[in-house]
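> Quick one: this structure, given as structure tokens, is what I'll be asking you about.
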Amino acid sequence: HLALGIGKAAGATLTLIPEEFQGKRVRLKTLVDILVGAILKRLSYRRRDGVAILAEGLVLELEKDDLAALEDVERDAHGHVRIAEINIGEILKHEVQKRLKGFGLGATIVEKNIGYELRCADPIPFDMEYTRDLGYCAAKYLLSGGNAVMVSMQGGQFVPIPFEKLLDPVTGRAAVRLVDINSNRYRIARRYMIRLRRDDFEDPHELAKFAATAGLTLEQFRQEFEPLIASEPPPLKMQMPPGTGPLSAVQLS
């Protein structure tokens, strides 16, 4: 949620989150190709700039064989890769540059792990009001004898959420709230991204520009990049109230 929200609010070129792979293991090459495809698309529009937001959870979804093949990563005494020490941004940076070089293209890529900059950012007025409400309700709840809850504000009202409802019964840890890739929120974010899409491959003129940028024929470009769109969610369809127009639904691209 954090990576997607940052990318959407900042207008990043694209944001990659593990949820878009729907629980399947992802190959390192797939991540590289998505990034390279976005760069080629930008270059075809004469734009050499761009920002990609990568969720840290991506490394947990990588194929084990791809992890084992990585060089210059920290390993334990048994030779196993320490996942917590993998800098996925740095790895992808080098792999993307290598892939672009194969197309006769170069790119300056800067990897940045965002951490303290976010946690130390000045609060906006909404943050200040919201945290005052949370703090007041938390203190009031404790002084009233309550405990073992997470405080929340829902619809302007204080709603305590028991810890037991937040825990995964299997692991005993806090349950992970995944991004729903079928939600309007994700579909809108996805359409704002500048990355290869299904409709690109349906437009021969657009496809010709991308292929020319990569120095490939149309068929070669399809072979290289068309598999990336297989799991692309369909465009958002807006249901119109009855009697408001001749169409019952409007498709937003």
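The numbers in UniProt numbering rise by one with no breaks, and the one at position 129 of the sequence shown is 129.
Positions of the beta carbon are idealized from the N, C-alpha and C atoms, including for glycine.
With contact counted as at least three CB pairs below 8 Å, one residue from each stretch, are the region 90–109 and the region 33–47 in contact?
Yes, the region 90–109 is in contact with the region 33–47.
> Below 8 Å on the Cβ atoms is my guess for leucine 31 versus leucine 16; work out the distance and round it to an integer in Å.
On the sequence shown, position 31 is the one that residue 31 refers to. On the sequence shown, position 16 is the one that residue 16 refers to. The pair is a contact, with the Cβ atoms about 7 Å apart (cut-off 8 Å).
> What residue from Asn182, Gly106, Ala175 has the CA that sits closest to lysine 237's CA?
Locating residue 237 in the sequence shown gives position 237, counting from the first residue. Checked all of Asn182, Gly106, Ala175; the closest Cα to lysine 237 is Asn182.
> Please report the straight-line C-alpha distance between leucine 166 and aspartate 76, rounded to a whole angstrom.
One-based indexing of the sequence shown puts residue 166 at position 166. One-based indexing of the sequence shown puts residue 76 at position 76. Straight-line Cα distance between these residues: approximately 33 Å.
> Below 8 Å between beta carbons: does that hold for leucine 60 and proline 123?
Mapped onto the sequence shown, residue 60 falls at position 60. Mapped onto the sequence shown, residue 123 falls at position 123. Cβ distance not < 8 Å, so leucine 60 and proline 123 don't count as in contact.
> Can you say whether lysine 210 is buried or exposed, counting buried as having 16 or more other CB atoms within 10 angstroms of its CB?
For the purposes of this step, residue 210 is identified with residue 210 of the sequence shown, where counting begins at 1. Note that residue 210 corresponds to phenylalanine in the displayed sequence, not to lysine. By the 10 Å Cβ count, phenylalanine 210 comes out buried.
> Once the 5 residues before and after leucine 218 are set aside, which same chain residues still bring their CB inside 8 Å of it?
As a position in the sequence shown, residue 218 is number 218, starting the count at 1. Counting only Cβ-Cβ distances below 8 Å, and skipping sequence neighbours, we find Pro204, Leu207, Ala208, Ala211.
> Examine the Cβ distances between the region 223–242 and the region 44–51 and report whether three or more of them are shorter than 8 Å.
Verdict: no, contact absent.
> Since threonine 131 is in the alpha helix (DSSP H), which residue starts that stretch and which ends it?
Here residue 131 refers to the residue found at position 131 of the sequence shown. From DSSP, the alpha helix (DSSP H) with threonine 131 extends over 125–143.
> Give the DSSP-derived three-state secondary structure of proline 234 in the structure shown.
Position 234 of the sequence shown, counting from 1, holds the residue named residue 234. Correct three-state label for proline 234: coil.
> Compare the C-alpha of proline 162 against each of Ala175, Asn147, Ala68, Met153 and name the closest.
To locate residue 162, count along the sequence shown from 1; it is residue 162. Closest by alpha carbon: Asn147.
> Quick check on this structure: which residue in Arg190, Arg195, Gly215 has the alpha carbon closest to the alpha carbon of lysine 8?
As a working note, residue 8 is residue 8 in the sequence shown. That would be Arg190, whose Cα lies nearest to the Cα of lysine 8.
> Helix, strand or coil: how does DSSP classify valine 26 here?
Position 26 of the sequence shown, counting from 1, holds the residue named residue 26. DSSP places valine 26 in strand when its eight states are reduced to three.
> How about leucine 178 and phenylalanine 225: do their beta carbons lie closer than 8 Å?
Start at 1 with the first residue of the sequence shown, and residue 178 comes out as number 178. Start at 1 with the first residue of the sequence shown, and residue 225 comes out as number 225. Result no, Cβ atoms of leucine 178 and phenylalanine 225 do not sit closer than 8 Å.
> Name the one or two DSSP bridge partners that phenylalanine 158 has.
As a first step, residue 158 is located in the sequence shown; it is residue number 158 there, counting from the start. DSSP output for phenylalanine 158 lists Met153 as bridge partner(s).
> For a test of the three-state rule: what should DSSP assign to alanine 175, helix, strand or coil?
Residue mapping note: residue 175 aligns to position 175 of the sequence shown, counting from 1. Note: alanine 175 maps to coil in three-state DSSP.
> Per DSSP, which one or two residues make a beta bridge with alanine 52?
Position 52 of the sequence shown, counting from 1, holds the residue named residue 52. In DSSP, alanine 52 forms a bridge with Leu14.
> Could you name the residues of the same chain whose beta carbon sits closer than 8 Å to that of valine 149, not counting the 5 residues immediately before and after it, in chain order?
Stepping through the sequence shown from its first residue, residue 149 is reached at position 149. Correct list, in chain order: Tyr141, Pro160, Ile161, Pro162, Phe163.
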